[in-house]
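K.L.:
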Amino acid sequence: MKKKNILKGVLFVGIGASIYGMLATFVKMAYHDGYTTSEVTTSQFLLGIVGLLILNFIQTITSKQKLSSPSSKEVKMLMIAGTSLGCTSLFYYIAVQYINVSIAIVLLMQSVWFSVVVESFIAKKLPNARKVVSVIIVLVGTVLATNLINMDIELDWHGIFWGLMAAASYTMTMFTSNTLATHLPVFRKSIVMLCGGSVVVFAFLFFAQIGPMYFDSLKSLYLNFTENTEHIHSFNYSIFWTYGFVLALFGTIVPPILFNIGFPNAGLGLGSIVSSLELPVSVTMAFVLLGEKVLLIQWGGIILILFAIVLMNLPSKKELKVVEAA
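So the sequence shown is numbered by the working numbering: it starts at 1 and just counts up by one.
#1: Taking 8 Å as the cut-off, does the segment 46–58 touch the segment 248–264 (at least 3 CB pairs, one atom from each stretch)?
#2: So, do the segment 162–171 and the segment 98–115 have three or more beta carbon pairs nearer to each other than 8 Å?
#3: Report the three-state DSSP secondary structure of histidine 158 (helix, strand or coil).
#4: With a CB to CB cut of under 7 Å and the five nearest residues on each side skipped, what residues in its chain are close to tyrosine 334?
#5: Less than 7 Å separating the beta-carbons of phenylalanine 175 and leucine 90?
#6: Between the Cα of threonine 83 and those of Phe225, Ser190, Ile309 and Val283, spot the shortest distance and give me the residue it belongs to.
#7: In this structure, how does DSSP classify glutamine 110 when only helix, strand and coil are distinguished?
#8: Assign glutamate 230 to one of two classes, buried (16 or more other C-beta atoms within 10 Å of its C-beta) or exposed (fewer than that).
#9: Give me the residue from Leu295, Val75 and Phe245 with the minimum Cα distance to leucine 184.
#10: Look up glutamine 342 in the DSSP assignment and say whether it is helix, strand or coil.
#11: Going by the CB atoms, is the gap between threonine 146 and isoleucine 105 shorter than 7 Å?
#12: Between threonine 37 and leucine 289, is the Cβ-Cβ spacing less than 7 Å?
#13: Please say whether leucine 311 and glycine 14 have beta carbons closer to each other than 7 Å?
#14: Report buried or exposed for arginine 188, applying the criterion of at least 16 other Cβ atoms within 10 angstroms of its Cβ.
#15: With DSSP run on the structure shown, which of helix, strand or coil describes aspartate 216?
#16: What do you reckon, are the CB atoms on serine 120 and alanine 308 nearer than 7 Å?
#17: Express the C-alpha separation of alanine 167 and isoleucine 136 in angstroms, rounding to a whole number.
#18: If the criterion is Cβ atoms closer than 7 Å, does the pair glycine 16 and leucine 144 meet it?
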């Protein structure tokens with residue numbers, strides 16, 4: 001029975017990671033069709049909230065027991081935590097504007113070693129040797145996967161910056177999701193966090209697209225950050241029925257549900273290894289649908305990063321003895 005549960009967990013986490021890995025490719029396709037970052041993120045979060053509200057309603061009326069509701073303090077904490085969720089999507093999608101999807105996903109995966117640093121700060125203890133070796137392998141893999149050793153390649157520093165910012169935000173999202181209000185049903189918790197993320201997304205929509213149309217002072221402030229004024233125009237509502245549904249489904253509805261079902265069965269270590277499927281799936285999708293060139297040396301770097309994730313999450317001898325004793 002236990003093996004069956006582990007298999008179920010691995011399957012759900014693997015499917016969730018694969019679906020999430022497809023997301024950036026659809027974002028890039030939306031950009032090709034003329035949609036802005038603001039329109040992409042706004043449609044994803046709004047439709048995501050609507051979808052989760054419907055699922056929460058169905059769960060509430062069909063549940064045989066009363067479901068937990070968040071307290072006012074938990075709502076505030078989850079809203080604040082949700083801002084990192086909004087920042088992750090926003091920063092990642094901005095990065096995709098400047099660099100290839102295959103490069104952006106590699107930068108996002110820097111959250112692997114970011115989390116090690118955050119964990120050591122929280123625990124006030126240096127990471128063990130295996131984690132240090134894993135971090136070094138991730139960094140070497142990143143150099144190969146981004147093809148930095150090829151001096152002919154030009155990587156836009158804007159994309160690098162926003163990709164690393166997305167990784168930092170993603171790290172915070174992972175930590176807060178696993179520690180805050182863990183007793184709440186998945187849908188209710190996700191709705192509150194998405195509302196927090198929506199605050200960030202709506203603020204960006206106003207600052208980068210809608211606001212500068214009506215306020216000269218805001219336009220002047222906006223021009224201090226970029227000279228590109230192409231994004232300053234009325235909101236294109238067609239995004240909701242062209243890409244919005246797919247982005248919400250693949251980004252804010254299905255993966256979180258699958259992860260929340262899968263991780264308890266697979267375990268955090270094995271689940272983290274399986275969730276790294278997001279990396280090769282994202283690169284493959286970009287190669288197949290967008291025609292992005294991925295060199296052999298880059299695949300080598302991706303394999304190194306995947307190896308480091310496996311190495312980092314394998315149970316130690318001490319942990320195996322505890323499991324055997326139990």
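Ideal placement from N, C-alpha and C gives every residue a C-beta, glycine not left out.
P.N.:
On the basis of the coordinates in this document:
#1: yes
#2: yes
#3: helix
#4: Residue 334 falls outside the range modelled here, since the chain spans only 1 to 326, and no answer is possible.
#5: no
#6: Ser190
#7: coil
#8: exposed
#9: Val75
#10: Summary: the structure shown does not reach residue 342, with the chain confined to residues 1 through 326, and so no result is reported for it.
#11: no
#12: no
#13: no
#14: buried
#15: helix
#16: no
#17: 17 Å
#18: no
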